[in-house]
Amino acid sequence: MDAWGHLSQADKEEFARLDRAFEEGKPMAGEPDETFGIWAVDRFCAVPADPRRRELLRQVSENVLTWSRNTVAGLWRLVYSGPQDDADLYQVPLAATASISYPERRIALDWVPEGFRRYRPQAWEILRGTVTELLTEPETGDPAAAVRNVMWEDDPFAIRLAAKFASRLASPEVLPLLRHCATATASKPSPTWLKRTAALLNAPAADVIADVLRQVAAHREATFRHPYRDVEWTETVFLRERTAVPLRGMVWTCELIDEPWVTALLGDVAVTCGTGIGGSGANARSELLANAAIGVLARRGGLDVVAQLARVQAKVRKKTILAGVNRTLEAVAERTGLSPERLMDRTVPTFGLGPDGTRTEHGLRLSLDGTVTYEGRKTIPKAVDRDLLAEFKATAKELRKALPAERFRIERALATERIWRWREVCEYYLDHPVTGAFGRALIWEILQGPAGLPVQVDGAWELTDPAGRRIQPRPDTPVLLWHPIAHSADEVRAWRDHLMEIGLRQPFKQAFREVYLLTPAEEETRDHSRRFAGHLLRYGQAKALLTGRGWTGLSLGHWGWVYGSGESEATKELSGGLTAHWDFHLDADSGERDDYGTASICVSGVIHFTGGMRARVPLAEVPALTLSETLRDADLAVGVTSTGLDPEGHGEYWQSYGFGDLTESAQVRRDAMARLLPRLAIADRCTLTDRFLHVRGDLRTYKIHLGSGNILMEPNDAYLCIVPRGSGDQVFLPFEEDGGMLSIILSKAFLLAADTAIGDPSITRQIRG
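For the sequence shown, counting from 1, position 205 maps to 205 in our numbering; every step adds exactly one.
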């Protein structure tokens, strides 16, 4: 019998022989092997009232030698379906369990305590004491044994923890608290639980909890082989529940620890555990631990938790976790009398940086990008104060985490037309050393009035427009971030020219932001858009990108509900009670191509919107900015993940996408290219047309498509495959572009303009034919 209780053919034949012997009344005492024991248990389950069968159980339990781990596991599955309240039934599996080692007992009984407790409560009343005793390893002389008794070696993290922290966790000062943490089975700690925690908490315990939780924050999922299976079977595992529960107890304990490291570390744990496998996706690595960390942050309260919650908002996409974050922010905001948005404005850390975005002490310098240098050099001399250096590096680490969260928050404000008072913008976005780096590079607009870039005049902030006109908002003047959708083509053109002229690089696309207006085709279809339908996308990459922009629910695969199905839908909750929906499906050849495993390619479908009661909303009734930003997400997903970008691509779709008409995103790229060309050292070798950048080399002339970056060579339009290796970062770009396609096109242009200097034979063979 295997670990799942399945009988082999030889087992079945032996069962038939034993049945005949039993029916004929032959003596059965001389049959002490495993097969006989399994047969005795199985037949007793069928007729528990038969005294002969009960006697056989007694004989087997008294004659157990050493059973295999798989047979022990199979026995427990066998008795699980037997009579719950009959103690004799469990004699054999208990005796068999006692015959194997403690590590093998934990493997064989992996599911038994929880399975019986939850679904066979009468049986668990009988078994609880003995099973607990069988699974409790003697702790004399081996601290790792004490840790294993609390946290089985059930996943790679638990194995590493027992090896690395055994002596500290099993010390007399810490072990009682560790055992108490293993009782953290509720959704939140009770007053009684916390009272007991306070009695057990001490300095050594607090120190080891900090170190263990740092390990959790740095931990990533790993492939784990299940040892109780008869066949090789592996699974990608982050934390199993038996490991996560005592870790949740450690997180709860942080509620009672008043140390500077607590809040930031809880934020790290929430981000790591709240994001999906690989750091993205709409699921969570461990929702249990993420919610525990957010719950402790909520109960600690205070303004210092807000920055950590902002990081979670920027990275996590699991709806239930985000709901907890929003509740916490609302609760903290209510206590301060502010909205959650204004609360977050006021709680962005400065990290000790000065107005110029740097911090300097004793020759050490921390810059806004998170780099630490000494008197301008990256190499830090050994003579520098080690404690100060460690503090600088720790601050730099936190700063690097905060920057993307702040950029995400500000871009979201642009997309939702958030309104501030000018004094708030000055204090929290222009004077602040962190948000100021973003705010000072953005265009601000007086509500229903003029717009300009921030400039400081005599210590006060003003705005200047592209013509140099000064705009002096009053402190209470309502302002918002300028968006091109609300302005004329001439005004947008003026701002783009101005940014290029002054060399200002924006943290995200604002002046060069794509605008998606309702088309005649969409007016015809009325309640859905086919603008981004029919594209072949790299599924995993598309899912990760959309998840990062707030879309959830996309799940495609070939193996049923665990992996998804052949059709799915990504959704995004929008302002005004609207929800965007984007359909996806697998193409006809996906099963054979993917060997019926995880989907690799998906096909995009139509986009529609719903309002209250999930009723479809006509596109004409969707606010213009909401429609534009939603379609921008779709264009970005297509522009970054389309198989039309593949260097080795082929087929009708690759041809049409790789060299066809430009999308709105590619048209903005063309507009930026038109402004960049005169500044390039290779300007005299380049010509811009509707869809292509033409580059004249010494050997050939090349056409680089402005949408895909694919290249055709004149005179016969032969395809040239170049896998991007460098970038065009030596050229000023007016924005930090998603996907980097403009940079890729520029790098290819510089390479091909000097085609006689190319040394890569894979390229020169194609050029020379």
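For each residue, glycine too, the CB sits at the ideal point set by N, CA and C.
Note down the Cα distance separating residue i from residue j, rounded to an integer number of angstroms.
i    : j    : result
T373 : L403 : 19 angstroms
T598 : H608 : 27 angstroms
P761 : R768 : 10 angstroms
L636 : L546 : 9 angstroms
A615 : E255 : 44 angstroms
A542 : G129 : 51 angstroms
S727 : W495 : With a pLDDT of only 48 at S727, under the threshold of 50, the placement of this residue in the model should not be trusted; the figure read from the coordinates follows. Computed Cα separation, rounded: 26 angstroms.
L752 : F157 : 50 angstroms
H6   : G74  : 8 angstroms
G277 : E621 : Reading off the sequence, residue 277 comes out as Ile, not Gly. Roughly 38 angstroms between the two C-alpha positions.
L442 : H487 : 16 angstroms
V562 : E664 : Residue confidence for V562 is low, a pLDDT of 46 falling below 50, so the modelled location carries little weight; the figure read from the coordinates is stated next. Taking the straight line from one Cα to the other gives about 36 angstroms.
R69  : V79  : 16 angstroms
W152 : L175 : 15 angstroms
A718 : H219 : 48 angstroms
F15  : K26  : 15 angstroms
D19  : A184 : 48 angstroms
M741 : R117 : 57 angstroms
E133 : A292 : 30 angstroms
L481 : K164 : 51 angstroms
R300 : A170 : 29 angstroms
V212 : L297 : 18 angstroms
M28  : L56  : 8 angstroms
Closest to residue i by CA distance: which of the options is it?
i    : options                : result
S190 : E491, T253, A282, N202 : T253
D690 : F238, I704, A683       : I704
R679 : R53, L545, L746        : L746
R77  : W67, A87, P93          : P93
L619 : L554, L518, K401       : L518
V638 : L662, L627, L625       : L662
F392 : R549, A413, G370       : G370
E221 : A206, D211, F238       : F238
S99  : W444, A87, V606, L135  : L135
L265 : I744, P246, G301, V216 : V216
H558 : D490, R549, D587       : D587
D110 : K382, R300, D458, W4   : W4
G249 : V306, R311, R179, L297 : R179
G354 : R58, H432, W654, A203  : H432
E241 : K195, L201, A186, D258 : A186
D86  : L65, Q122, A95         : Q122
D594 : V617, D583, G540       : G540
L667 : D633, V515, G611, T571 : It is Gln, not Leu, that sits at residue 667 in the sequence shown. Comparing Cα-Cα distances from Q667 to each of D633, V515, G611, T571, the minimum goes to V515.
Measuring CB to CB, does residue i end up less than 9 angstroms from residue j?
i    : j    : result
T263 : D345 : no
T71  : E34  : yes
R421 : D476 : yes
V208 : C181 : no
G707 : G658 : yes
V316 : A270 : yes
L453 : L399 : no
P778 : A166 : Any answer about residue 778 is impossible in this case: the structure gives the chain only from 1 up to 769.
P48  : G82  : yes
F584 : E573 : no
Between residue i and the rest of its own chain, which residues show a CB-CB distance below 7 angstroms, the 5 nearest in sequence each way excluded?
i    : result
P113 : V131
C721 : P647, E648, Q766
T320 : E287
G577 : G611, G612
What does a CB cutoff of less than 6 angstroms around residue i pick up in its chain, not counting 5 residues either side in sequence?
i    : result
L273 : According to the sequence as given, residue 273 is Cys; it is not Leu. Closer than 6 angstroms at the Cβ level, and outside the excluded window around C273, lie R285, S286, L289, A290.
T775 : This structure gives no information on residue 775, because the portion of the chain shown stretches from 1 to 769.
L631 : Y516
C45  : G82
W551 : A570, K572
N202 : E173
Can you list, in chain order, the residues of its chain whose CB lies under 8 angstroms from that of residue i, leaving out five sequence neighbours each side?
i    : result
P734 : R496, L499, M500, L504, R505, Q506, A511, F512, A672, R675
V853 : This structure cannot settle anything about residue 853, because the visible part of the chain is limited to 1 through 769.
Within the present structure, is the beta-carbon of residue i separated from the nearest heavy atom of the ligand NAP by less than 8 angstroms?
i    : result
R196 : Although the ligand NAP was asked about, the structure shown includes no ligands whatsoever.
query = Can you list the alpha helix (DSSP H) stretches of 4 or more residues lying completely in the region 432-516, in chain order?
reply = 435-439, 489-502
request  = Would you mind listing the alpha helix (DSSP H) stretches within the region 373-433 that are 4+ residues and don't spill past its ends, in chain order?
outcome  = 386-415, 422-425
Runs of alpha helix (DSSP H) lying entirely within the region 513-597, each at least 4 residues, in chain order = 520-525, 539-548, 590-593
task = Output the residue ranges of the alpha helix (DSSP H) runs that lie fully inside the region 654-678 and measure 4 residues or longer, sorted by chain position.
result = 664-676
message = Could you tell me which whole alpha helix (DSSP H) segments of length 4 or greater appear in the region 253-316?
response = 261-274, 287-300, 304-315
ask   = Where are the beta strand (DSSP E) runs, 3 residues long or more, that stay fully inside the region 600-643, in chain order?
value = 601-610
key: Length-filtered (4 minimum) alpha helix (DSSP H) runs lying within the region 87-165   = 91-98, 102-108, 112-119, 121-135, 143-150
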